[in-house]
Amino acid sequence: MDPYNDQGRVVRGPAPLSLALAHTDIDDGKVFVPRVETDFRTGEAPWWS
290 MDPYNDQGRV VRGPAPLSLA LAHTDIDDGK VFVPRVETDF RTGEAPWWS
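Structure, rendered in structure tokens:
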């Protein structure tokens with residue numbers, strides 16, 4: 290069983306944190322842009338920023 294649900298939240302261990310979120314811009318290649326908004330899953334500042 291996957292430790293994450295379909296929203297990226299931890300549903301069982303040993304995963305300590307939810308998956309990091311990112312925005313994506315596609316321009317010839319795939320570029321990930323950091324996401325700095327509040328994590329909608331927890332209502333807190335993102336742990337990965």
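In the numbering used here, the protein residues as written are 290 to 338. The beta carbon of each residue, even a glycine, is placed where N, CA and C say it ideally should be. Keep in mind it's a predicted model, so treat the numbers as computed, not measured.
- Helix, strand or coil: how does DSSP classify Thr313 here? Looking at Thr313 - three-state DSSP - the assignment turns out to be strand.
- Message: Just to confirm the assignment, what range does the beta strand (DSSP E) spanning Gly297 have?
- Response: Element bounds for Gly297: n/a, residue is neither H nor E.
- Start-to-end residues for the beta strand (DSSP E) that takes in Pro292: Per DSSP, Pro292 lies in no beta strand (DSSP E) and is assigned neither H nor E.
- Message: Given this structure, state the Cα-to-Cα distance separating Trp336 from Gln296, to the nearest angstrom.
- Response: C-alpha separation (whole angstroms): 16 angstroms.
- Message: Just to confirm before moving on: does the CB-CB distance between Leu310 and Asp328 stay below 8 angstroms?
- Response: Result yes, Cβ atoms of Leu310 and Asp328 sit closer than 8 angstroms.
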